[in-house]
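Enquirer: Under my numbering, the first residue of the sequence shown is numbered 898, with each subsequent residue one higher.
Backbone N, C-alpha and C fix where the C-beta goes; we use that ideal spot for every residue, glycine too.
Treat the numbers as computed from the prediction; the structure is a model and nothing was measured.
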Amino acid sequence: MAHRILIADDEESSRKGLRALLANWGYEVAEAADGQEALEKAAKFLPRVVVADVLMPRLDGLGLLNALRADFPFLTVILLTGHATVETAVTAMKQGAYDYLTKPVDLPRLRILIEKALEKGEALREVTVLRRQLQAVWGTRHLVGKSRVMQEVFQLVDQAAPTSAPVLISGESGTGKELVARSLHELSPRNSGPFVAVNCSAIPETLLESEIFGHERGAFTGALERRLGCFELAHGGTLFLDEIAEMSPGTQAKFLRILQDGVVRRLGGKIELAVDVRVLAATNRDPIQAIKDGGLREDLYYRLNVFNLALPPLRERREDIPLLIDAFVQEFGRKYAKQILSVDPVVERILLSHPWPGNVRELRNAIERAAIVCDAELIGPQHLPPGLTY
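1. Any idea which residues DSSP pairs arginine 1124 with across the strands?
2. For the region 934-1006, list the alpha helix (DSSP H) runs that are entirely contained and at least 4 residues long, ordered along the chain.
3. How many Å lie between tryptophan 1253 and glutamate 1259 at the Cα?
4. Which residue wins for smallest C-alpha separation from leucine 1015, given the options Val1002, Tyr995 and Arg1006?
5. Could you give the distance in angstroms between the alpha-carbon of arginine 1261 and the alpha-carbon of isoleucine 1222?
6. Quick one: Cα of glutamine 1005 to Cα of alanine 920, how far?
7. Roughly how many whole angstroms lie between the Cα atoms of alanine 917 and alanine 899?
8. Excluding five sequence neighbours on each side, which residues of the same chain lie with their C-beta closer than 6 Å to the C-beta of methionine 953?
9. Determine the direct distance from the alpha carbon of valine 1270 to that of aspartate 950, and round the result to whole angstroms.
10. Residues in the same chain with beta-carbon distance under 6 Å from proline 1209, minus the five sequence neighbours each way, listed in chain order, please.
11. Should threonine 1103 be labelled buried (16 or more other beta-carbon atoms within 10 Å of its own) or exposed?
12. In three-state terms, what does DSSP make of phenylalanine 1204?
13. Are histidine 1082 and arginine 1163 touching if we call contact CB-CB under 7 Å?
14. How big is the Cα-Cα spacing for serine 1061 and arginine 1087?
15. If you reduce the DSSP assignment to three classes, tell me which class isoleucine 1066 lands in.
16. Kindly indicate the opening and closing residues of the alpha helix (DSSP H) around leucine 1248.
17. One question on the structure: do proline 970 and isoleucine 902 come within less than 7 Å of each other, judged by their Cβ atoms?
18. Are the CB atoms of leucine 1177 and phenylalanine 1137 nearer to each other than 7 Å?
19. Look up leucine 1221 in the DSSP assignment and say whether it is helix, strand or coil.
20. If we count the other Cβ atoms within 10 Å of its Cβ and call it buried at 16 or more, is tyrosine 1198 buried or exposed?
21. Rounded to the nearest angstrom, how far is the Cβ of valine 1064 from that of leucine 1206, given a contact under 8 Å?
22. Report the three-state DSSP secondary structure of alanine 1058 (helix, strand or coil).
23. Which residues in the same chain have their Cβ closer than 6 Å to the Cβ of alanine 1033, if we skip the five residues on either side of it in sequence?
24. Under 7 Å, do leucine 1220 and glutamate 1274 count as touching if we go by C-beta distance?
25. I'd like to confirm the pairing. Which residues does DSSP put opposite aspartate 1139 in its beta bridges?
26. Look at valine 1161 and cysteine 1127 and say whether their C-beta atoms are less than 7 Å apart.
27. Distance check for proline 1278 and arginine 1154, CA to CA, integer angstroms please.
28. Does DSSP put valine 1161 in a helix, a strand or coil?
29. Does any residue of chain C have a CB that is nearer than 7 Å to the CB of arginine 1163?
30. I'd like the span of the alpha helix (DSSP H) that includes valine 1365, first residue to last.
31. Give the straight-line distance between the Cα atoms of alanine 1120 and arginine 1114, rounded to the nearest whole angstrom.
32. How should leucine 1105 be labelled, buried or exposed, when 16 other C-beta atoms within 10 angstroms of its C-beta is the threshold for buried?
33. When DSSP labels each residue in this structure, what does leucine 1193 get in the three-state scheme?
34. Excluding the 5 residues flanking alanine 1179 on each side, which residues of the same chain have their C-beta closer than 6 Å to its C-beta?
35. Using three-state DSSP, classify alanine 1171 as helix, strand or coil.
36. Compute the minimum distance between the beta carbon of methionine 1047 and the heavy atoms of the ligand GDP, and state whether it is under 6 Å.
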């Protein structure tokens, strides 16, 4: 079956000449006299490539490009331009046009561009399918990555998950420490038990001990009733303590005793309660430096550091960004009932070049925002948050 090409040009002689030439090359061709007509014909003709003049009435080449990219994610656009509008054509390429040619058209060059544009569209289709297959291979439950460093993380998760040994997870904010903790829980024999997560930096120190250990009625002013602590709530499952180095030394000492003895005493209580809990802890600081700074007790560090999982920042594993993009596109497509297939290649280049100081969390938030405002099959540059530009 011949590939379909749509020509959009308000100059009839140029349009008719190109149509005859492309038909002679073996393509099925349709034509339009302006951008609006081209957009209407594209919906019925379903071309694989559009060859369009930049300057047209009703809807110019740039407007046509943006409309086509929104509605036809795998279609490629080649622009034809006079010398005076080359700058506009270059701008259009940044927004997703495949290439441009100046008039009079270099016909051998046009033939090569059409062949390559067809190959690109087919490759984009294949990549979309392949990424979803690879995500199933290069992911462990909540985690996604094909980079060497993430494969090492997956291996350690697989080794640590079946055990009850403590795990210390370190990494910058937003690298996915809680996701690692959840994966360790879900891949463990404790996965039918509770997973309780506590962010130690988000709770005032005066309340943190009560949150973790629980309290009896009357243990302190305002303790009007008994409260179970996180150790009791996590009995039979997993307790994840994030930002462990933000605990006071005194609270860390009590925590260490529970790890060693397997018993907890509520604040104001006299009875020691046996608890069966697998403890996972995390910090966004370098653990050794935290010890030197006095933020982390050395004895607690060695008790937790049976397994040490260090998560790299996203800037050090950029090869994982396309997989993460696709995972988040699928996640938020389902969440917001959107028929989004992927992101525009221009968007992918933008996301690959961004420094991501907020790591995976920042990328996830960017894709969520884009998915909310996107009503097309491809997320385009216009859907990205302010600050993410080409």
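Expert: Once the coordinates are examined:
1. His1112
2. 958-968 and 983-991
3. 7 Å
4. Tyr995
5. 8 Å
6. Checking the displayed sequence, the identity of residue 1005 turns out to be proline instead of glutamine. So the alpha carbons of these two residues sit roughly 15 Å apart.
7. 15 Å
8. Asp907, Asp931 and Gly932
9. 29 Å
10. Val1046
11. exposed
12. strand
13. no
14. 9 Å
15. strand
16. 1242-1250
17. no
18. yes
19. helix
20. buried
21. 6 Å
22. coil
23. Caution is warranted here: a pLDDT of 48 is assigned to alanine 1033, below 50, making its placement in the model unreliable, and the coordinate value is therefore given only provisionally. Excluding positions up to five away in sequence, the list is empty.
24. no
25. Asn1096
26. no
27. 53 Å
28. strand
29. As a matter of chain content, chain C is missing from the structure shown, which is built from one protein chain.
30. Since the first residue shown for the chain is 898 and the last is 1287, residue 1365 is missing from the structure and cannot be characterised.
31. 5 Å
32. buried
33. coil
34. Ile1066, Lys1074 and Asp1139
35. strand
36. You won't find the ligand GDP in this model; it holds no ligand whatsoever.
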